[in-house]
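Chemist: Going by the working numbering, the sequence shown opens with residue 59, and the numbers climb by one from there. Just so you know, even glycine gets a beta-carbon here, dropped at the ideal spot from N, CA and C.
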Amino acid sequence: MKHKMMKEGIKLIEAHFQQEGVSRREAMKLFGLGGTTALMTSITTPTRLKASVAKAKIVIVGGGLAGMSTAARLTHALENPNITMIEPSEFSTSYQPGQTLVGAGIWEKDAVVYQRDDFIPRGTTLIQDKVLEFDPQKNTVKTAGGQTIAYDYLIVAAGVKLDFSQIEGLGIAETITSTGDHAPVSKIIGKNGLASIYFQQGAEDTWKEMQKFIAEAKSGKQVQGIFTHPNTPIKCGGAPKKIMYLTDARLREAGIRDNATLTFYPNGTKMFGVPAYHEAILNQFKERDFKWHYGHNLIKVDTEAKIATFDKQTKIKGAWDEDLEEYTMETKHEKVEVPYDFMHITPPMVAAEEIANSPIGSSQGWVPVDKETLQHVKYKNIFALGDIAGIPMGKTGGSARKQYKVVVDNVITMMEGGDIHHNDKYNGYTVCPLITSIGTVMLAEFDWTKRPTPSFPLDPTKERWIWWLLKVYLLKPMTQYGMLSGRL
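(1) State the beta-bridge partners of P333 as determined by DSSP.
(2) Report the rounded CA-to-CA distance for T488 versus G296, giving the unit in angstroms.
(3) Hey, which unbroken runs of the beta strand (DSSP E) at 3 residues or more fall wholly within the region 213-289?
(4) Whole-angstrom Cβ separation of N140 and K115, contact assumed at under 8 Å?
(5) Should A208 be labelled buried (16 or more other beta-carbon atoms within 10 Å of its own) or exposed?
(6) Closest by CA to I493, which one among T201, W526 and M473?
(7) Which class does K108 belong to by DSSP, given the choice of helix, strand or coil?
(8) Quick one: what does DSSP say Y352 is sitting in, helix, strand or coil?
(9) Below 8 Å CB to CB, which residues in the same chain sit around A312 once its five sequence neighbours on both sides are set aside?
(10) Take D399 as the anchor and find which of K249, A307, E411 and A409 has the nearest alpha-carbon.
(11) Rounded to whole angstroms, what's the CA-CA distance from K438 to N468? Just pull it up for me.
(12) How is W378 classed by DSSP in three states: helix, strand or coil?
(13) On the CB-based measure, 16 or more other CB atoms within 10 Å of its CB, does V435 come out buried or exposed?
(14) So G283 and L320 are supposed to be a Cβ contact under 8 Å. How far apart are they, rounded?
(15) I need the straight-line Cα distance from S147 to I185, nearest angstrom please.
(16) Just to confirm the assignment, what range does the alpha helix (DSSP H) spanning I413 have?
(17) Alpha helix (DSSP H) containing K115: first to last residue?
(18) Please list, in chain order, all residues of the same chain as S110 whose beta carbon is under 8 Å from its beta carbon, the five residues on each side excluded.
(19) Do V119 and V199 have their CB atoms nearer than 8 Å?
(20) Opposite C294 in the DSSP bridges: which residues?
(21) Taking just the CA atoms, how far does T361 sit from T201?
(22) Check whether the region 524-543 touches the region 351-369, counting contact only when three or more Cβ pairs, one atom from each stretch, lie closer than 8 Å.
(23) In chain order, which continuous runs of the alpha helix (DSSP H) of length 4 or greater are located wholly inside the region 134-204?
(24) What residue does the alpha helix (DSSP H) around K390 start on, and which one ends it?
(25) May I ask you to list the residues that DSSP assigns as paired with R522?
(26) Return the first residue and the last residue of the beta strand (DSSP E) that I207 is part of.
(27) Smallest Cα separation from G217: which of K483, V359 and I446?
(28) So, with DSSP's three-state summary, where would you put L320?
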């Protein structure tokens, strides 16, 4: 069934490329697939990597997409892999990019759930536990269950924590994992107009609350929908906007868009860090009659009165600096209350305390690594990738797809006594398939240069149906059966 869906998606994409004046041969060459048959072969046949005879004990902290893909690729690259993966969650996990589609009623929740243990590669021992202590001097980690585990190389792929507790009024006293469905969150989010696609149950409840919002608009009431973006780094920086676009699409589908005001409240001062995409999104917002207010960070929610309180930050002229002969700039803080009927909350995201406060952490929480080699800046036998890595960009699944290959190559090179600086480097590649409606996506690709780096000869700032097909039909099976097996 999964392969059938992928084949159908590829055929549609091929047809669309031909409409764009790109030949089928060139289209598939650009995809790096060589045609439908090559793609199907690539996800069912192990990649032919030259296996190394080097031996070492490798410990991976985190069994999500980045961690599991790294373990899988290591098993292809080593003749005798000795890998221990430590992951606290139970058997099922989530295809997180699909949670946006669940939140808009396009997919069912079951479509994003898969069994983690189906993807554990050979030569990998899974310990269901949580690492609480890191001792890089002794090359050991200690788990909540009391195990002390030694390593020669440590790979940290622990993801982020969703810290709803930073927002007063939600009644949440703990952080949760991005794939978790912990009751303290689900009791608050998913009721009374509050929504968040950032965890499985929250995504399903987002659709329920969105439908109530649409029903209110249908009744003739002028309704207010607001969408937040916090003052911390977040995974998939486009997601807060994606769910806003999809809410707009559902309102238009129901014929009552004029009855709703949709407003985006980001903490930052721009829509996107890449200027070309920032301008494109601004134009899209204007075309859809979206409102937006920069410099607003959600700090409090009155769930009964449906009032959101933001910390509004404004730069103002400060004191005169005699040395610089200019005025300093100061930040003015003001509390702003905003009523809502429907609010999508993107929570603050942080590194787990046991990592942030450990010797391998940093003052910002993230694991500090060289942005090109992903090697720890202090401990040379430690690497980090995915959301936990302390690099300027790269908290997306598309980034992890590039990063895990770099990490594997560098670990094996070190095992063989080589110099990792001769290997390919991570160039900051990041991709955000920005859903702009039911049927269109802007495929935002970029790297450290903060310029578009499109993989296809099409204007990357344009919304296209073809990228919707990529998003809905191809990315999930490519992730599960390509990346999670270490082949893509």
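Modeler: Considering the structure as presented:
(1) None, per the DSSP bridge assignment.
(2) 12 Å
(3) 281-287
(4) 5 Å
(5) exposed
(6) W526
(7) coil
(8) coil
(9) Here A312 has I272, A275 and K276 as same chain residues with Cβ atoms under 8 Å from its own Cβ, once five neighbours each way along the sequence are excluded.
(10) K249
(11) 11 Å
(12) strand
(13) By the 10 Å Cβ count, V435 comes out exposed.
(14) The beta carbons of G283 and L320 sit about 5 Å from each other, so the pair counts as a contact at 8 Å.
(15) In this model, S147 and I185 are separated by some 10 Å (Cα to Cα).
(16) Unbroken alpha helix (DSSP H) run through I413: E411 to A414.
(17) It is not in any alpha helix (DSSP H) - K115 carries neither H nor E in the DSSP assignment.
(18) A135, L136, E137, I470, M473 and E474
(19) yes
(20) Note: C294 sits in no beta bridge, so no partner.
(21) The straight-line gap from Cα to Cα measures roughly 38 Å.
(22) no
(23) 157-161
(24) For K390, no alpha helix (DSSP H) segment is defined; the enclosing uninterrupted segment is the beta strand (DSSP E) at E384 to P397.
(25) Its beta-bridge partners are V499.
(26) T206 to A208
(27) I446
(28) strand
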